[in-house]
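Enquirer: Dropping the structure in here first, questions after.
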Amino acid sequence: LADVQTVRWHPNCNYILTGSADCSLRLWDVSGGACVRLLCGHTGPVTCAAISADGRYAASGSADKSVRLWDLGSGKQIARYAAHAGAVWSVAFSHDEGSGGGVLASGGADSA
30 LADVQTVRWH PNCNYILTGS ADCSLRLWDV SGGACVRLLC GHTGPVTCAA ISADGRYAAS
90 GSADKSVRLW DLGSGKQIAR YAAHAGAVWS VAFSHDEGSG GGVLASGGAD SA
């Protein structure tokens, strides 16, 4: 475990998602305190995270200039977006359930 950079509640309030300086995200069971998913793939510290309104997906941004989309059920990475020229500081899902979890937006050190 490393320094935690970001914390997000799951919509059902049974889980918390954390992103850390060790390049990983962890999904924690609130009642038992156990880590139930370890999401690895970033090559730099995780700086931000978001969970879709339906609770099925997570997005993460990193100092590695990428945004990654994760399936929380399986713990697998679905997509990697590398359009930023600098660290990614924020990610957010829209609340539009009609598009399979919403639209994902990101912002970063490159003013994008």
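Per this note's numbering, the very first residue in the sequence shown carries number 30; after that it's consecutive.
Ideal Cβ placement from N, Cα and C applies to all residues, glycine included.
1) Are A87 and L67 closer than 8 Å when you measure CB to CB?
2) What separation, rounded to the nearest whole angstrom, lies between the Cα atoms of A108 and S95?
3) DSSP beta-bridge partners for G137?
4) Could you give the distance in angstroms between the alpha-carbon of L46 and the alpha-carbon of V75?
5) So the beta strand (DSSP E) A108 belongs to, where does it begin and stop?
6) Rounded to the nearest angstrom, how far is the Cβ of S92 from that of A116, given a contact under 8 Å?
7) So, under 8 Å CB-CB, R97 and S89 are touching, yes? Tell me the CB distance rounded to an integer number of Å.
8) Taking the continuous beta strand (DSSP E) assigned at D58, which residues delimit it?
9) Bridge partners of C64, per DSSP?
Expert: According to the structure shown:
1) no
2) 10 Å
3) V117
4) The straight-line gap from Cα to Cα measures roughly 12 Å.
5) 106 to 110
6) Inspection of the sequence shows that residue 92 is occupied by Ala rather than by Ser. Confirmed, Cβ separation roughly 4 Å.
7) 5 Å
8) 53 to 58
9) W57
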